[in-house]
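J.: Here the protein sequences come in this chain order: A and B. Note that the working numbering has the first sequence beginning at 1, numbered continuously upward. Note that the working numbering has the second sequence beginning at 1, numbered continuously upward. Could you have a look at this structure, given as structure tokens, before my questions?
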Amino acid sequence: MTRTPRTLVVVGHGMTGHRLVEHLRAHDRHGAWRAVVLAEEPRPAYNRVALSSYLEGRSAADLTLADRAFLTDPLVELRTAAPVTGIDRRARTVTTADGTVTRYDALVLATGSRPFVPPVPGRDLPGCFVYRTFDDLDALREAAREGLPGVVVGGGLLGLEAANALRLLGVRPHVVELAPRLMPVQLDDGGARVLTRLVTGLGLRVHCGTAVREIHPAADGRVGGVTLTDGTALDARLVVFSAGVRPRDELAGPAGLATGGRGGFLVDDLCRTEDPHIWAVGECAAVRGRTYGLVAPGYRMAELVADRLLDRPTAPFADPDTAAKLKLLGVDVASFGDAHAETEGALEYVLRDDTAGTYAKLVLDPEGRVLRGGVLAGDATAYRTLRALTGRELTAPPDLLLSAPGPGGPPPPPRAADAA
Amino acid sequence: MTATHHVLVVGHGPAAHRLVERLRAHGHRGPVTVLGAEPRPAYNRVLLTSVLDGTLTAGDLELPAPPDGVRVRSGVTATAVDRARRLVRTDSGETFRYDRLVLATGARPRIPRLTGVRTADGRLTEGVTTLRTADDAERLADGPVVVLGGGVLGTETTLALLRAGRDVTLVHPGPHPMHDRLDDTAGALLASRLRSAGARLRTGRAAVEYRPGKLVLDDGEVLRADALALCTGVEPETALARRAGLAVRTGIVVDRHLRTTDPRVHALGDCAESGGEVPGHVGTAWEQAESLARILAGHDTHHRAGRPALRLRAPGLDLACLGPPDPPGATRRITLSDPARGRHAALALDGDRVAGAVLIGLPRAAAALAQLYARDLPVPSDRFALLLGAAAGATPARVELPDAAVLCHCNHVTKADLLRAWRAGARDLTGIAAATRATTGCGGCADDVRRVLASATGGNSAP
Ligand SMILES: Cc1cc2nc3c(=O)[nH]c(=O)nc-3n(C[C@H](O)[C@H](O)[C@H](O)COP(=O)(O)OP(=O)(O)OC[C@H]3O[C@@H](n4cnc5c(N)ncnc54)[C@H](O)[C@@H]3O)c2cc1C
Ligand SMILES: Cc1cc2nc3c(=O)[nH]c(=O)nc-3n(C[C@H](O)[C@H](O)[C@H](O)COP(=O)(O)OP(=O)(O)OC[C@H]3O[C@@H](n4cnc5c(N)ncnc54)[C@H](O)[C@@H]3O)c2cc1C
């Protein structure tokens with residue numbers, strides 16, 4: 001190739017920014033593009049999904065996504081600790097915090113999200129943390145001491161992961177959730193009841209249907225306690241906010257780019273902003289106004305944009321799978337598909353075993369043949385199978401599926417009726 | 001015990017009627033006399049609501065005449081039992097001797113303590129009626145009706161009156177009708193059925209006063225009530241037994257031979273308390289009648305309580321309750337909800353036996369479960385099919401994922417992709433990850449990938 005490659009600038013080296021460049025490089029046979037990745041964090045992309053394992057002993061190197069091939073690729077330039085501060089769409093340049101200006105032919109925004117910190121008094125006190133990056137976890141580990149009282153604000157997937165992290169650091173945390181149950185998005189009441197019992201067994205103290213009203217300083221100026229809206233006062237030397245995320249779209253306004261109703265760079269189902277040179281992928285993208293807080297849809301967007309840049313055929317972004325499983329040792333909770341039976345005419349089939357402490361709900365089509373979703377708690381062995389079957393006709397009676405080991409696993413023994 | 005005793009039965013409801021019929025069938029040859037307070041021969045009380053909705057007359061409910069040699073005295077009330085002389089006295093001034101006395105006095109409606117329902121002399125005020133007897137059903141006044149009490153009887157009565165085109169309001173203190181039998185989901189379903197049939201519901205409310213034509217509720221609402229139907233429960237009719245000095249708790253206490261504390265006096269049906277229970281179901285009354293007939297005919301046997309089902313069947317509503325609402329031994333609970341079609345099932349299992357169940361709109365499941373429950377038989381493994389009333393085995397029984405199923409969701413890798421990588425030589429997780437990226441996201445699919453690899457390797461030796 002004699003033609004000089006065009007320049008792709010990627011803002012953010014998180015999970016999707018990395019995937020985009022990787023995918024582009026894997027399929028760019030003729031070197032049509034050179035990628036410049038501008039990262040705010042001081043290190044290359046890492047597996048954020050597995051971040052909590054960092055506190056369980058895995059090293060930062062274990063979690064990195066950027067291998068040698070990537071870091072030494074002549075057509076990839078990664079600049080860490082180089083946050084982008086502005087976009088000049090007319091000049092087609094971006095500026096980083098140190099003042100460097102970089103020209104682009106194509107610009108992809110992959111800035112992810114920031115943790116949402118509710119505007120309660122005291123939220124800026126030393127002792128308040130969020131849970132999203134290596135730096136956040138380092139700070140938390142630094143502050144945590146065996147036996148310190150802690151409070152996690154938010155009882156969703158991430159809040160429970162954060163609470164478990166505190167537990168591993170020797171802190172026995174309270175979890176405060178505004179909704180009437182834990183993991184309100186994923187679980188129904190039956191599933192959440194089992195979850196509450198399980199995490200209580202791990203030592204978490206759960207407060208649902210209430211919120212943090214105020215965080216009080218102790219005499220040393222650091223966090224000393226928390227008052228909840230129901231009047232409960234909790235001792236706390238550590239507070240971790242995990243009350244949802246907000247897309248990082250702060251570059252949009254000054255650049256005159258539109259944002260979605262709940263934030264995020266507004267893009268169409270091909271991840272295009274209204275500027276033909278600018279795209280957005282991952283958690284910062286509001287695809288037709290909707291943002292996604294999971295990595296799978298982000299990866300799909302990243303690959304889609306890379307394919308577009310290479311003029312490879314690609315299907316537009318479709319409604320993704322939002323199944324989720326809590327990653328806590330010994331706490332088996334998962335939900336998939338239409339977990340709340342919101343689709344037309346859905347049937348719900350629930351099995352509860354109080355002796356075993358398990359709860360399973362399957363949501364089915366009106367005929368009871370096609371699996372639409374479900375909730376598993378206390379035993380999520382069937383999760384992988386059921387998730388893979390979502391949207392398909394059942395391959396076995398629900399009772400049998402719920403007791404099956406896993407996809408491709410040993411077939412269950414034939415039923416008595418078959419043998420007879 | 002000989003088969004020639006004189007058996008005297010007090011009360012002529014379904015229990016007594018069945019007893020005298022079965023006595024003959026089991027070989028009792030002695031004289032039998034039945035005293036019934038109601039002015040008509042025995043009739044099928046369970047069908048009274050058909051009189052309310054106008055499909056049957058009270059006369060249509062009459063039960064078959066008793067076997068030859070059974071003397072029935074209708075309109076005669078027993079007033080005292082002289083156990084020492086084995087005599088029963090009646091309001092007609094007669095006395096009847098017995099070798100064996102059977103109390104089948106049933107139950108009577110409980111009248112709520114509510115201002116205005118009774119007149120000064122203790123009778124029910126004009127417009128107020130209970131619903132226990134054929135006379136009651138014929139007595140109900142015209143005009144808008146308020147049904148007080150949303151148990152089974154109140155619910156059934158409400159539906160029957162609506163079918164007759166009456167204007168009906170159901171007032172019930174619980175959160176939904178039949179709240180002591182139904183969970184919230186089933187209760188909400190029942191409430192919506194009643195509403196769509198045209199009933200006005202006042203749940204969570206109590207009545208405080210009845211004035212002619214009006215019922216006042218505890219929140220001040222005044223309902224038009226030209227007729228007030230009291231469906232506020234029943235209590236066993238035990239006065240006679242009590243006066244005779246027999247042991248009475250809630251009902252007349254009987255042992256497994258359905259014997260009271262006097263070995264010559266038995267009791268059965270709604271008036272009897274057996275094993276601490278007073279079920280108040282006709283099914284129980286019938287089973288007891290069968291047992292007692294054998295016992296009185298001289299067979300060496302005793303009564304074993306069965307497990308009757310409670311069914312409420314009305315056009316557009318099919319409800320079945322098996323066992324107590326919250327069965328103590330239950331370890332597993334299965335529910336099927338189908339709000340769009342108004343179907344609901346809640347099944348409680350003790351191991352693989354039915355401990356209790358509530359079913360709405362699922363007549364086939366209700367029939368099947370009632371059988372299993374009555375005989376304490378194990379429930380088949382395909383419970384979903386059982387509840388839906390579908391033939392078991394309608395779904396294949398292998399847990400085999402289709403090739404298009406996605407196994408690594410973070411990276412959208414299908415089972416087919418994995419098998420392709422396997423055929424291309426990938427034999428372990430590292431190889432698979434390099435070829436497909438599977439397992440490199442959250443890592444949750446690692447076990448699945450291993451399984452697919454193992455089964456591919458096991459079932460197919462050459463790549
Ligand atoms: C503890 C934890 C557990 C999780 N578990 C799961 C899970 O089990 N399953 C799942 O699907 N998802 C999970 N997630 C969510 C998942 O990590 C995210 O969906 C995914 O990381 C999103 O990728 P992204 O590239 O959009 O954003 P990110 O990974 O957040 O990357 C965005 C990057 O952009 C950088 N950036 C922002 N602004 C600028 C700027 N102006 N200039 C330069 N750089 C900038 C940020 O510093 C960041 O490094 C988890 C998240 C956390 C925190
Ligand atoms: C409207 C209605 C619907 C019902 N539906 C159902 C149903 O669907 N399923 C179900 O299982 N059950 C139902 N029941 C209950 C069922 O009717 C009773 O369980 C059954 O009638 C009990 O029979 P019994 O003979 O023990 O008592 P009863 O039927 O009460 O008969 C007792 C009789 O004894 C008479 N008596 C009382 N004292 C004396 C005395 N001292 N001297 C002479 N006679 C006396 C009474 O006047 C009465 O006629 C219903 C009841 C009603 C009112």
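Positions of the beta carbon are idealized from the N, C-alpha and C atoms, including for glycine.
Does DSSP classify residue 468 (chain B) as helix, strand or coil?
T.: As shown, chain B starts at 1 and ends at 463. That puts residue 468 (chain B) outside it, with no answer to give.
J.: Counting only Cβ-Cβ distances shorter than 8 Å, please list the residues of the segment 398-432 of chain B near chain A, keeping chain order.
T.: Answer in chain order: 398, 399, 400, 401, 402, 405, 406, 407, 409, 410, 411, 412 and 415.
J.: Quick test of your reading: residue 302 (chain A) and residue 247 (chain A), contact by CB under 8 Å. State the CB separation rounded to the nearest angstrom.
T.: At roughly 16 Å, the Cβ-Cβ gap does not stay under 8 Å, so residue 302 (chain A) and residue 247 (chain A) are not in contact.
J.: At 7 Å on the CB atoms, spell out the chain A contacts of residue 340 (chain B), in chain order.
T.: Those are 345 and 366, listed as they occur along chain A.
J.: Tell me the rounded alpha-carbon separation between residue 278 (chain A) and residue 165 (chain A).
T.: Those two C-alpha atoms are separated by around 38 Å.
J.: Per DSSP, residue 87 (chain A) forms a beta bridge with which residues?
T.: Bridge partners of residue 87 (chain A): A:94.
J.: Do residue 133 (chain B) and residue 229 (chain B) come within 8 Å of each other at the CB atom, strictly closer than that value?
T.: Not closer than 8 Å, so no.
J.: From residue 157 (chain B) to residue 295 (chain A), what distance separates their C-alpha atoms?
T.: Going by the C-alpha atoms only, they are around 58 Å apart.
J.: Using Cβ-Cβ distances below 9 Å, what residues of the segment 374-393 of chain B are close to chain A?
T.: For the segment 374-393 of chain B, which is checked against every Cβ of chain A, the residues closer than 9 Å are 380, 381, 382, 383, 384, 385, 387, 388, 390, 392 and 393.
J.: Report yes or no: do three or more beta-carbon pairs, one from the segment 343-362 of chain B and one from the segment 379-388 of chain B, lie closer than 8 Å?
T.: With the cut-off at 8 Å, the segment 343-362 of chain B and the segment 379-388 of chain B touch.
J.: On the three-pair Cβ rule with 8 Å, is the segment 236-250 of chain A touching the segment 99-115 of chain A?
T.: Yes, they touch.
J.: Can the beta-carbon of residue 267 (chain B) be found less than 8 Å from the beta-carbon of residue 254 (chain B)?
T.: Result yes, Cβ atoms of residue 267 (chain B) and residue 254 (chain B) sit closer than 8 Å.
J.: Check this for me: beta carbons of residue 51 (chain A) and residue 306 (chain A), under 8 Å apart or not?
T.: No; because the gap between Cβ atoms is not below 8 Å, this pair is not in contact.
J.: How would you label residue 166 (chain B), buried or exposed, when you count the other beta carbons within 10 angstroms and need 16 or more for buried?
T.: So residue 166 (chain B) ends up on the buried side.
J.: Under the three-state reduction of DSSP, which class applies to residue 60 (chain B): helix, strand or coil?
T.: In this structure, residue 60 (chain B) counts as helix in the three-state DSSP scheme.
J.: To test your reading of the DSSP string, which unbroken alpha helix (DSSP H) runs of 4 or more residues are found completely within the segment 44-130 of chain B?
T.: Counting whole runs of 4 or more residues, the segment 44-130 of chain B contains the alpha helix (DSSP H) stretches 48-52.
J.: Going along the chain, which residues of the segment 312-334 of chain B sit with their C-beta nearer than 9 Å to a C-beta in chain A?
T.: Answer in chain order: 330, 331, 332, 333 and 334.
J.: Taking a contact to mean a Cβ-Cβ separation below 8 Å, would you say residue 288 (chain B) touches residue 15 (chain B) in this structure?
T.: Closer than 8 Å, so yes.
J.: If we require 4 or more residues per run, which alpha helix (DSSP H) segments fall completely within the segment 212-271 of chain A?
T.: Counting only runs of 4 or more, we get 252-255.
J.: Measuring only the C-alpha atoms, how far is residue 256 (chain B) from residue 301 (chain B)?
T.: In a straight line, the C-alpha of residue 256 (chain B) is about 9 Å away from that of residue 301 (chain B).
J.: Please report the distance separating the alpha-carbon of residue 183 (chain B) from that of residue 374 (chain A).
T.: When rounded, the distance between both Cα atoms is 21 Å.
J.: Below 8 Å between beta carbons: does that hold for residue 161 (chain A) and residue 361 (chain A)?
T.: No, they are not a contact pair.
J.: What residue from B:293, B:40 and B:163 has the CA that sits closest to residue 50 (chain B)'s CA?
T.: The option with the nearest alpha carbon to residue 50 (chain B) is B:163.
J.: Three or more C-beta pairs closer than 8 Å, one from the segment 340-355 of chain A and one from the segment 314-325 of chain A: is that the case here?
T.: The answer is no - the segment 314-325 of chain A does not touch the segment 340-355 of chain A, with fewer than three Cβ pairs under 8 Å.
J.: Are the beta-carbon atoms belonging to residue 115 (chain A) and residue 151 (chain A) less than 8 Å from one another?
T.: The answer is no: Cβ separation not under 8 Å.
J.: Per DSSP, what kind of secondary structure is residue 281 (chain A) in: helix, strand or coil?
T.: Residue 281 (chain A) falls in the coil class under three-state DSSP.
J.: Can residue 324 (chain B) be considered in contact with ligand 1, in the sense that its beta carbon sits closer than 7 Å to one or more heavy atoms?
T.: No - ligand 1 has no heavy atom lying nearer than 7 Å to the Cβ of residue 324 (chain B).
J.: Kindly identify the DSSP beta-bridge partner or partners of residue 317 (chain A).
T.: In DSSP, residue 317 (chain A) forms no bridge with anything.
J.: Between which two residues does the beta strand (DSSP E) carrying residue 238 (chain B) extend?
T.: Element bounds for residue 238 (chain B): n/a, residue is neither H nor E.
J.: Between which two residues does the alpha helix (DSSP H) containing residue 361 (chain A) stretch?
T.: Looking at the DSSP string, residue 361 (chain A) is not in any alpha helix (DSSP H); the run it does join, the beta strand (DSSP E), is 358-364.
J.: Taking just the CA atoms, how far does residue 35 (chain A) sit from residue 9 (chain A)?
T.: Roughly 6 Å between the two C-alpha positions.
J.: Mark residue 72 (chain A) as exposed unless 16 or more other C-beta atoms lie within 10 angstroms of its C-beta, in which case mark it buried.
T.: Its Cβ having fewer than 16 others within 10 Å, residue 72 (chain A) is exposed.
J.: So, is the C-beta of residue 388 (chain A) closer than 8 Å to a C-beta in chain B?
T.: It does: the Cβ of residue 388 (chain A) has a partner Cβ on chain B nearer than 8 Å.
J.: Using a Cβ-Cβ cutoff of less than 7 Å, which residues in the same chain neighbour residue 351 (chain A) once the five nearest sequence positions on both sides are dropped?
T.: Contacts found: 360 and 402.
J.: Taking only runs of the alpha helix (DSSP H) that begin and end inside the segment 22-71 of chain A, which ones reach a length of at least 4 residues, in chain order?
T.: You should have 60-63 and 68-71.
J.: DSSP three-state label for residue 203 (chain B), please.
T.: Note: residue 203 (chain B) maps to strand in three-state DSSP.
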